[in-house]
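Chemist:
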Amino acid sequence: AQTVTQSQPEMSVQEAETVTLSCTYDTSENNYYLFWYKQPPSRQMILVIRQEAYKQQNATENRFSVNFQKAAKSFSLKISDSQLGDTAMYFCAFRRLAGNTPLVFGKGTRLSVIA
Amino acid sequence: ETGVTQTPRHLVMGMTNKKSLKCEQHLGHNAMYWYKQSAKKPLELMFVYNFKEQTENNSVPSRFSPECPNSSHLFLHLHTLQPEDSALYLCASSQGGDYNSPLHFGNGTRLTVT
Chain A
1 AQTVTQSQPE MSVQEAETVT LSCTYDTSEN NYYLFWYKQP PSRQMILVIR
51 QEAYKQQNAT ENRFSVNFQK AAKSFSLKIS DSQLGDTAMY FCAFRRLAGN
101 TPLVFGKGTR LSVIA
Chain B
116 ETGVTQTPRH LVMGMTNKKS LKCEQHLGHN AMYWYKQSAK KPLELMFVYN
166 FKEQTENNSV PSRFSPECPN SSHLFLHLHT LQPEDSALYL CASSQGGDYN
216 SPLHFGNGTR LTVT
C-alpha cells in the first residue's frame, strides 16, 4: 500500500520569503501522479500543483514549484515570495496510474505566513 | 462558486439522530468521493462512486450509508453515530478515467456528534 509522509506538522515563514515543505512517499509503482493541495480556513481543498512521475522536469505554477526526486521518493513544495494568503494547511497526495484509484494523502503541514 | 457544493456547512447531532449530508457538483464530472478529515490524521477515503456505481467502500461502518442518485449528486446518510465520528466530511469529484484529473473539493460539513 502507498503511504505519504509529511514530517513537518507546522511551519512559519516571513512574508516575501521562501519556504519549502517536505513530502516523501512509499510505492512500488513506476508511474504515478503527485499533488500538493492547499486547505485555507475556508476549508476547501484547492489543487496547487501536480507532477507526473514520468516527467523529469519539475512542475512550476507561478510562485509554487516542486523538487521531485523520484529515486529518493521525495516531492517537496517550494513557495517563493510568500504571501499572507498562503497561510493554510498543505497536503501532499499520491495517485497510482491504474484505474480510477483515489488519492492517498499525507497528514498535512500547517503553514503560517507572518507579516 | 466552488463547483462542488456541500450542505449543511455545520451539523450537530445526537447519537440517536438520523441526518444526511448532501453534495452537488456542477463540473460535469462522473466520479464522486466522500472523505473524512480528522485532526492530525491523513484524509481518509470513505466511498467512491463512478458513473453512479459504488466502486470503493473503504471499510466504513454501516452507520454511514452513501447514496448516489446521479453523477451530480452524492449523499451520506448518518444514523446512530458515535462521538468519534465527529470530523470534517469532504466531498470531491473528478473526471473518472482521466488519471491526471485532479479532485475538486467542496467546503465540507463540520459534524459534531454529542
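Protein chains in written order, with this note's numbering: chain A, 1 to 115; chain B, 116 to 229. All C-beta atoms, glycine included, are put in the ideal place defined by N, C-alpha and C. In this text, all values refer to a predicted model and were calculated from it rather than measured experimentally.
So what's Leu189/B in DSSP terms, helix, strand or just coil?
Modeler: DSSP places Leu189/B in strand when its eight states are reduced to three.
Chemist: Would Thr120/B and Gly221/B qualify as a contact pair, given that the criterion is a beta-carbon distance under 8 Å?
Modeler: Yes.
Chemist: Is Pro184/B helix, strand or coil by DSSP?
Modeler: Here Pro184/B sits in strand by DSSP.
Chemist: Could you tell me if Ser12/A is buried or exposed, where buried requires 16 or more neighbouring beta carbons within 10 angstroms of its beta carbon?
Modeler: So Ser12/A counts as exposed.
Chemist: Report the rounded CA-to-CA distance for Arg96/A versus Pro102/A, giving the unit in angstroms.
Modeler: About 8 Å.
Chemist: Output yes if chain A places a C-beta closer than 8 Å to the C-beta of Asn132/B; else output no.
Modeler: By this cut-off, Asn132/B is not an interface position.
Chemist: Do we get a CB-CB distance below 8 Å when we pair Arg43/A with the residues of chain B?
Modeler: Output row for Arg43/A: interface = yes.
Chemist: Is it right to say Leu111/A is buried, meaning 16 or more other beta carbons lie within 10 angstroms of its own, or is it exposed?
Modeler: It is buried - the Cβ of Leu111/A has at least 16 other Cβ atoms within 10 Å.
Chemist: Can you tell me whether Leu132/A is helix, strand or coil according to DSSP?
Modeler: The question about residue 132/A has no answer, for chain A in this structure spans 1 to 115.
Chemist: Assign Asn30/A to buried or exposed, taking buried as 16 or more other Cβ atoms, counted over all protein chains shown, within 10 Å of its Cβ.
Modeler: The residue in question, Asn30/A, is exposed, as its Cβ has fewer than 16 Cβ neighbours within 10 Å.
Chemist: For the stretch 171–185 of chain B, which residues have a CB atom closer than 9 Å to at least one CB atom of chain A, in sequence order?
Modeler: So the list reads Glu171, Asn173, given in the order they occur along the chain.
Chemist: If contact is defined by three or more beta carbon pairs under 8 Å, each pair taking one atom from either stretch, is the stretch 152–160 of chain B in contact with the stretch 118–137 of chain B?
Modeler: The stretch 118–137 of chain B is not in contact with the stretch 152–160 of chain B.
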